[in-house]
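In the working numbering, the protein residues as written are 684 to 1013.
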């Protein structure tokens, strides 16, 4: 059962908004569940609980994509297509199928999987941002309540530590000063490269659950960054509803310029790891279809995905560092 029977891997590309809504709902429930079961570990468990319902679904999507890569590889070997893959089709139909498979572009082959990760990430990011802004900041005595209200201090404790590490000393209370003081291009690039290869390796080793956890963790860290910077700005202009909305949009928009290529790179890394895992798990199928050729073709696809991902990481790091440098006084 995929996401409690509400989504299927074959039709998910037509229900991406449902996927986004479900990721929002499940991550919201996970925050309350984690805090009420294990409050001291809620910052980690909230992320874990949020991804569990989606692991079978994304695994199935990645297996479908890897199978598509196999068919494209086979489409380049006419004798196998005619004699083995389509034994009951006439020659004209075989030619049409072969021609179609050979002309499927790199973007077309990977876009559906990319959209699955993107809509999942958007839904969970919105959830974490919303809860960071509306939950009480510090722990307080909640008496004998059966269901306790989560607090930012507990639910985002580990994420806040990551934010502090990346942004350096924030004793001045000025976000721009803290960012400039803590970031260097190398620090940004190395951190993002590590995340990329974690997405690849964890998806390969653990399936989609590994990548979903890394992506969800990054969503929670981004939410923490947006929440902290929003509160710093609002402390100077007032906490009205209009100020809340405009400030959140302003802060989130400032992250999009470098965030889009970086997050896209993580998606591509996860897709590459998932394709490799599916390829190896079905290796017994390839004896009759010249498996070496299939391995080479699918491996090329994985390599291209990772090269594009690394280039996007470098682009994102460059943009982020340029934005940070522009904050420094002339």
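Backbone N, C-alpha and C define an ideal beta-carbon position, used for all residues, glycine too.
The shortest CA-to-CA distance from residue 883 to any of 720, 954, 732 is the one to 954. Short of 7 Å from the beta carbon of residue 892, and not among the five residues preceding or following it, lie these beta carbons of its own chain, in chain order: 734, 738. About 26 Å separates the beta carbon of residue 842 from that of residue 923, a gap too long to meet the 8 Å contact definition. By the 16-neighbour rule on beta-carbons within 10 angstroms, residue 912 is buried. Taking C-beta atoms as the reference points, residue 959 and residue 991 fail to come closer than 8 Å. When C-alpha distances from residue 715 are compared across 957, 867, 834, 930, the shortest belongs to 834. Per DSSP, residue 909 is one residue of the alpha helix (DSSP H) stretching across 891–920. Taking 8 Å as the cut-off, the beta carbon of residue 707 is found no closer than this to the beta carbon of residue 840. Under the three-state reduction of DSSP, residue 929 is assigned to helix. Following the DSSP letters along the chain, one finds residue 714 inside the alpha helix (DSSP H) bounded by residues 699–720.
Spanning the alpha carbons of residue 1003 and residue 946 requires a straight line of approximately 13 Å. Restricting attention to 994, 932, 985, 963, the CA atom closest to the CA of residue 816 is found in 932. Uninterrupted alpha helix (DSSP H) stretches at least 4 residues long and entirely within the region 790–826 do not occur. Assignment of residue 830 by DSSP, reduced to helix, strand and coil, places it in the coil class. A straight-line Cα-Cα distance of about 27 Å links residue 744 and residue 999. From the listed residues 844, 698, 996, the smallest Cα separation to residue 802 is found for 698. In the three-state DSSP reduction, residue 723 falls in the helix class (H, G or I). A straight-line Cα-Cα distance of about 23 Å links residue 887 and residue 872. Around the beta carbon of residue 900, 16 or more other beta carbons lie within 10 angstroms, which makes this residue buried.
Under the three-state reduction of DSSP, residue 947 is assigned to helix. For residue 936, the three-state secondary structure derived from DSSP is helix. Residue 979 is classed as exposed because its beta carbon has fewer than 16 other beta carbons within 10 Å across all chains shown.
Between residue 909 and residue 812, the beta carbon gap of about 6 Å places them in contact (Cβ cut-off 8 Å).
Burial of residue 934 is indicated by the presence of at least 16 other C-beta atoms within 10 angstroms of its C-beta. The beta carbon of residue 822 is closer than 7 Å to those of 834, 836, 837 in its chain, skipping five residues each way along the sequence.
Across the set 1007, 820, 906, 917, the C-alpha of 1007 shows the shortest separation from the C-alpha of residue 870. Going by beta carbons, residue 943 and residue 962 fall outside the 8 Å limit. Using a Cβ distance threshold of 8 Å, residue 903 and residue 730 count as a contacting pair. Contact between residue 905 and residue 939 is ruled out by a C-beta separation of about 11 Å, above the 8 Å threshold.
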